[in-house]
Amino acid sequence: MSKAPQDCCTISGLVKTYRAGGTEVRANDGIDLAVRRGEIFGLLGPNGAGKSTLVRQLTGLLRPDAGTIDLLGHDIVRHPERAARLLGYLGQESTALDELTVALAAETTGRLRGLTRAAARAETADVITELGLEPLAHRPLAKLSGGQRRLACFAATLVGERPLLVLDEPTTGMDPVARRAVWSAVDRRRAERGTTVLLVTHNVIEAETVLDRVAVVDGGKVIACDTPGGLKALVDGHVRLDLVWRHDAPTGVPAVAALAERAERTGRRWTLRTTPDEARELVAAVTTGPAFAALDDFTLATPTLEDAYLRLGGRHGGLAR
Amino acid sequence: MTLLDAPAATATGTAAPLAPAARLLPALAAVYRAQLARAKVSRIPLLFVATFQSIGILVMMRGVVDPGDNPSAHAVVAGSAVLVVAFVALNLLAQYFGRLRHTGGLDHYATLPVPPASVVLGTAAAYASFTVPGVFVTAAAGSWMFGLPMGRLWILLAVVPLAGAALAGLGATLGLLAPRQELATLAGQLGMSAALLLGVLPASRLPVPVQWLRDLLPSSYGVDAFALTFAPHPDWARVLLDLGVCGAVGLASLTLATWAYRRAAH
Chain A
1 MSKAPQDCCT ISGLVKTYRA GGTEVRANDG IDLAVRRGEI FGLLGPNGAG
51 KSTLVRQLTG LLRPDAGTID LLGHDIVRHP ERAARLLGYL GQESTALDEL
101 TVALAAETTG RLRGLTRAAA RAETADVITE LGLEPLAHRP LAKLSGGQRR
151 LACFAATLVG ERPLLVLDEP TTGMDPVARR AVWSAVDRRR AERGTTVLLV
201 THNVIEAETV LDRVAVVDGG KVIACDTPGG LKALVDGHVR LDLVWRHDAP
251 TGVPAVAALA ERAERTGRRW TLRTTPDEAR ELVAAVTTGP AFAALDDFTL
301 ATPTLEDAYL RLGGRHGGLA R
Chain B
1 MTLLDAPAAT ATGTAAPLAP AARLLPALAA VYRAQLARAK VSRIPLLFVA
51 TFQSIGILVM MRGVVDPGDN PSAHAVVAGS AVLVVAFVAL NLLAQYFGRL
101 RHTGGLDHYA TLPVPPASVV LGTAAAYASF TVPGVFVTAA AGSWMFGLPM
151 GRLWILLAVV PLAGAALAGL GATLGLLAPR QELATLAGQL GMSAALLLGV
201 LPASRLPVPV QWLRDLLPSS YGVDAFALTF APHPDWARVL LDLGVCGAVG
251 LASLTLATWA YRRAAH
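Protein chains in written order, with our numbering: chain A, 1 to 321; chain B, 1 to 266.
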């Protein structure tokens, strides 16, 4: 893959293999990617797809078995220690910060990013205000809820500016207010400083809302890479019909019996991807007579990234909505 | 300017500038400050445990060792005081680094441009200085119980950092190298038990092979240096020699801990 001058990060031929219980697992199996400067780029895939392994190589934590990683003109495979001076990383664990107060965690992280004490203090105060963390600033992270702790770790990631932010599932456990604070802070940095963001997620709604482009990762490979709209075009002309039954599905109704074979069934919920015409007929069939009496709820929706992911061969149930 | 501060040479010439790396001493100070604050939040009860344990041992030993100016009384008081350092700097630090390594907490530091020595030394120094009040309380209580002079307790200001460095380096190394978190805890507990048994009992009464073991334990030199100062006319040359050995072992064990950190972080 050739590197255009506007690329922030170019990864090519990346391979990383683990040995687990005597068998060899290819966590990354020849990954090629180019993230442009100033974009919010997502890695979407189920748990175990190889997203975190990819990110750990990009941040210099793991050395790849093969392949190259270029970060803003620096060879990270040869010089993994440079990654820390180019990117801010929010990992999934907070144990290093758990017993510090929110303010001290952010300030200390800033100092370890090379800021002076005064600069780290000033930036910490700004970030805490920006994210609405003032009421929690003097409480230890370990005493906060999961979402609040995540937001505090995100604050620490922002102190000490970097041109690239690598965020591994940053909004896990957050309430909508905290999520909005995260995405506003990301947007502001992109608008004001041209910051690039690499986001790891398995949440399709988040991916559709915030990402400029997304790489779908499964089984250690990138199975597609496009804008969310571009990926959804793969399943254009289809709609998703969700039926939720009150109790057991009324399989005595012929239309329902025919569906039983084709629908993806999760408890009382049946999901079917089909053409708009057939969906109309099915809705008509289940909204009359005994089927309607057994129906608790139904939704008819345009396709999501999850539908695109499944069309690409992804595994059912791997992504969160 | 360290190597890490130097601008990186790039093949293409279009590379983005690297943000400055954190320098050794400011980063060490930041880690020290954070760790000390952390200790205040969550470790004060453990400092009480460490101090009460040592005072308990003093009470117990008071039943079998005569008070007054004799080598056994000196050894018991000095050993009990240094045991507080072993409890915190060896045992708790081994557990801390073991947990940090096995829960992925080291990634936080490994993705920041911070010298490994800053993290290890800053944490070790915080744990060691956290023990100071407990060591003084134990030493004062012991001196009172065994009728020993308190005029030279100031020597603890040298003993705590030097024995602290040696024990904290050992604790950090054990925690960072342990393949499982439970083994880090076990190693820390065993290290502290060794410091208890080999430090509190008078060396002259131990069997010869156990005396060799005692010589291998870094805290023994701190105990000996402190014990010598209870004599009416201390042999200051030997005190200095013991402190020197303690310092040298401290340097070696902290270097080893820094190496263990590099190994564990990548």
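Note that CB positions come from ideal geometry on N, CA and C, so glycine has one too.
Model, not experiment: these values are computed from the prediction.
Range covered by the beta strand (DSSP E) that runs through residue i
i: V25(A); result: T23 to R36
i: L90(A); result: L87 to L90
i: R263(B); result: Unbroken run through R263(B) is the alpha helix (DSSP H), W236 to A265; no beta strand (DSSP E).
i: A117(B); result: Where A117(B) is concerned, there is no enclosing beta strand (DSSP E), although the alpha helix (DSSP H) it sits in stretches over P116 to F130.
i: E264(A); result: E264 to T266
i: R190(A); result: No beta strand (DSSP E) contains R190(A), which is instead part of the alpha helix (DSSP H) from P176 to R193.
i: I223(A); result: K221 to D226
i: F41(A); result: I40 to L44
i: D212(A); result: Neither: D212(A) is in no beta strand (DSSP E) and is coded neither H nor E.
i: G110(A); result: From DSSP, G110(A) is part of no beta strand (DSSP E) but of the alpha helix (DSSP H) over V102 to L112.
Residue i vs residue j beta-carbon contact at 7 Å
i: I57(B); j: A141(B); result: no
i: V286(A); j: L295(A); result: yes
i: V76(B); j: M60(B); result: no
i: L83(B); j: A184(B); result: no
i: R240(A); j: T227(A); result: no
i: K232(A); j: P276(A); result: no
i: R37(A); j: T196(A); result: yes
i: L61(A); j: A110(B); result: yes
i: A158(B); j: S253(B); result: no
i: L24(B); j: P115(B); result: yes
i: G88(A); j: R162(A); result: yes
i: L112(A); j: A27(B); result: yes
i: A155(A); j: V186(A); result: no
Cβ-based burial, residue i [other Cβ within 10 Å; buried from 16]
i: G114(A); result: buried
i: W270(A); result: buried
i: S184(A); result: exposed
i: H138(A); result: exposed
i: L3(B); result: The pLDDT assigned to L3(B) is 46, lower than 50, so where the model puts this residue is not dependable; a value taken from the coordinates is nonetheless given after this. Per the 10 Å Cβ criterion, exposed.
i: M192(B); result: buried
i: K150(B); result: Sequence check: residue 150(B) is Met here, not Lys. Classification for M150(B): exposed.
i: I44(B); result: exposed
i: Q6(A); result: exposed
i: Y18(A); result: exposed
i: S143(B); result: buried
i: W245(A); result: buried
i: S204(B); result: exposed
i: H74(B); result: buried
i: D248(A); result: exposed
i: Y309(A); result: buried
i: P7(B); result: Confidence at P7(B) is low in this model, with a pLDDT of 48, below 50, so its placement is unreliable and no value can be given for it.
i: L156(B); result: buried
i: T157(A); result: buried
i: H233(B); result: exposed
i: E281(A); result: exposed
i: T12(B); result: Confidence in T12(B) is poor, its pLDDT being 47 and thus under 50, which makes the residue's placement unreliable; the coordinate value appears in the next sentence. It counts as exposed.
i: T116(A); result: exposed
Integer Cβ distance of residue i from residue j, believed to fall under 8 Å
i: L213(B); j: A94(B); result: Contact doesn't hold; Cβ gap of about 19 Å is too wide.
i: T138(B); j: S80(B); result: 6 Å
i: Q53(B); j: H102(B); result: Q53(B) to H102(B), Cβ: 27 Å. No contact.
i: G42(A); j: L300(A); result: Not confirmed; about 27 Å, so no contact.
i: C246(B); j: L162(B); result: 4 Å
i: H202(A); j: G30(A); result: Not quite, the Cβ-Cβ distance comes to about 22 Å (not below 8 Å), so this is no contact.
i: V239(B); j: A225(B); result: 5 Å
i: A152(A); j: L144(A); result: 7 Å
i: E306(A); j: V204(A); result: 5 Å
i: V159(A); j: L198(A); result: Not really, about 19 Å apart at Cβ, beyond 8 Å.
i: C225(A); j: L97(A); result: That belief does not hold up - the Cβ atoms of C225(A) and L97(A) are roughly 33 Å apart, past 8 Å.
Host alpha helix (DSSP H) of residue i (start-end)
i: S12(A); result: Unbroken run through S12(A) is the beta strand (DSSP E), D7 to A20; no alpha helix (DSSP H).
i: I128(A); result: R117 to E130
i: I155(B); result: Note, I155(B): premise wrong, no alpha helix (DSSP H); not H, not E.
i: D277(A); result: P276 to V286
i: T299(A); result: Run containing T299(A): none in the alpha helix (DSSP H); it sits in the beta strand (DSSP E), L295 to A301.
i: G314(A); result: It is not in any alpha helix (DSSP H) - G314(A) carries neither H nor E in the DSSP assignment.
i: R99(B); result: L93 to H102
i: G222(B); result: S219 to L228
Report yes or no: do three or more beta-carbon pairs, one from the stretch 12–29 of chain A and one from the stretch 168–184 of chain A, lie closer than 8 Å? no
Tell me whether the stretch 122–142 of chain A and the stretch 78–88 of chain A touch, counting them as touching only if at least three CB pairs, one residue from each stretch, are closer than 8 Å. no
Mind the definition here: the stretch 26–35 of chain B touches the stretch 122–130 of chain B only if three or more C-beta pairs lie below 8 Å; say whether that holds. yes
Are the stretch 209–217 of chain A and the stretch 42–50 of chain A in contact at 8 Å, needing three or more beta carbon pairs? yes
Counting pairs of Cβ atoms below 8 Å between the stretch 55–65 of chain A and the stretch 127–144 of chain A, do you hit three or more? no
Check whether the stretch 164–179 of chain B and the stretch 246–266 of chain B are in contact - that is, three or more C-beta pairs closer than 8 Å. yes
Counting pairs of beta carbons, one from the stretch 66–78 of chain A and one from the stretch 7–19 of chain A, are three or more of them closer than 8 Å? yes
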